[in-house]
Amino acid sequence: FDSRAGSFSPTHHPTGPRRPSPLRAMGLVKKGDAEATPAEAPEDPPVVKQLKELDDKYLELEKEYDREVQKLLVKFSALQQPLLEERKQVLLTSEGDGPTTGTPALSGFWLKAMQHHPNFEDFIQEWDEPVMEFLQDITKAHADEEDSNKGFKLVFHFSENPYFTNLEIEKSYTTKLTNPYCGEIDVQEIKCTPIEWKAGKDVTVERVTKKAKGGGAKKAKQKKEKDEPRPSFFREFFRNLKEGMSLPEDAREQARMMADEDDEDDED
């Protein structure tokens with residue numbers, strides 16, 4: 018996570034899985050068909066064989082390129098780290114009776130940074146803002162330093178605050194290269210640290226008062242309070258997801274909205 022940009026740009030997989038056999042890719046052999054054998058399919062013409070050999074050689078060079086790029090990423094990330102640590106210390110410096118926030122030297126530094134980032138701006142609600150004031154830092158680490166396509170994690174570091182007991186909230190992405198020829202990467206699983214909200218401080222819900230149904234005039238005067246979910250950065254961003262799982266309704270609605278926005282961008 019580059020705190021100046023906050024973007025994640027996966028590179029091609031340096032040691033990605035090989036493509037499926039030509040027979041299976043062409044639909045001539047179905048997965049799990051024990052009786053099907055390569056002999057049942059026609060042999061590739063010489064020109065197709067030659068093209069495949071060239072393609073394999075090209076992919077090997079692509080893998081070598083990716084390995085060298087990854088080495089540079091690791092090298093320069095290490096060189097940048099002292100600067101990020103120095104920035105953190107500058108923001109944590111408190112002068113006298115300054116505000117009690119995550120970044121006392123510049124209150125709300127991370128809140129403003131995220132509100133101006135296209136990947137976060139639509140997630141943060143007004144009731145999230147007081148909580149985000151206690152954010153001290155955001156760090157990133159790869160699951161495998163030699164292969165950035167296996168996944169990464171973001172760690173949100175908080176100071177002590179009146180909202181939850183966590184000092185760190187992690188969001189880990191497990192990814193897999195599904196097509197080494199075009200660099201297509203799929204997210205297989207997202208795991209997030211459970212947030213331990215303090216009593217009455219959970220900003221992902223709101224207390225709703227409803228009148229009791231039925232029972233005449235006396236019953237009608239009785240009111241019932243209930244916590245109902247509402248949009249929140251801490252609900253929508255820190256959500257556990259896994260490939261193939263059924264999404265909750267609010268997540269499906271969010272996905273539909275994002276798809277609509279992508280369609281509008283394409284039209285523009």
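Under our numbering, read the sequence shown as residues 18 to 285, first letter to last. Ideal Cβ placement from N, Cα and C applies to all residues, glycine included. For clarity, every value in this text was computed on a predicted model and none was experimentally measured.
Extent of the continuous alpha helix (DSSP H) run through residue i
| i | result |
| --- | --- |
| residue 246 | It is not in any alpha helix (DSSP H) - residue 246 instead sits in the beta strand (DSSP E) that spans 240-246. |
| residue 126 | 126-132 |
| residue 112 | Note, residue 112: premise wrong, no alpha helix (DSSP H); not H, not E. |
| residue 251 | 250-253 |
Test item: CB-CB of residue i and residue j under 9 Å
| i | j | result |
| --- | --- | --- |
| residue 193 | residue 202 | yes |
| residue 213 | residue 181 | yes |
| residue 119 | residue 176 | yes |
| residue 153 | residue 250 | no |
| residue 12 | residue 169 | With the chain covering only 18 through 285, there is no way to say anything about residue 12. |
| residue 74 | residue 61 | no |
| residue 87 | residue 138 | no |
| residue 210 | residue 247 | no |
| residue 197 | residue 103 | no |
| residue 204 | residue 260 | yes |
| residue 191 | residue 157 | no |
Cβ distance (whole Å) where residue i is taken to contact residue j below 8 Å
| i | j | result |
| --- | --- | --- |
| residue 186 | residue 140 | With a Cβ gap of about 14 Å, residue 186 and residue 140 do not count as contacting. |
| residue 121 | residue 109 | 7 Å |
| residue 150 | residue 184 | With a Cβ gap of about 15 Å, residue 150 and residue 184 do not count as contacting. |
| residue 253 | residue 223 | At roughly 15 Å, the Cβ-Cβ gap does not stay under 8 Å, so residue 253 and residue 223 are not in contact. |
| residue 215 | residue 179 | 7 Å |
Counterpart residues of residue i in DSSP-defined beta bridges
| i | result |
| --- | --- |
| residue 190 | 169, 207 |
| residue 224 | 244 |
| residue 136 | BP columns for residue 136 are empty, so no partner. |
| residue 152 | 175 |
| residue 259 | 206 |
| residue 214 | 181 |
Which of helix, strand or coil DSSP assigns to residue i
| i | result |
| --- | --- |
| residue 184 | coil |
| residue 52 | With a pLDDT of 45 at residue 52, under the threshold of 50, the predicted position of this residue should be treated as unreliable, and no value is reported. |
| residue 201 | strand |
| residue 160 | coil |
| residue 34 | Its pLDDT being 39, under 50, residue 34 is placed unreliably in this model, and the coordinates cannot settle the point. |
| residue 46 | Confidence at residue 46 is low in this model, with a pLDDT of 40, below 50, so the placement of that residue is unreliable and no value is reported for it. |
| residue 146 | helix |
Residue i - containing beta strand (DSSP E), residue span
| i | result |
| --- | --- |
| residue 98 | First-last for residue 98: 63-109, but that is the alpha helix (DSSP H), not the beta strand (DSSP E). |
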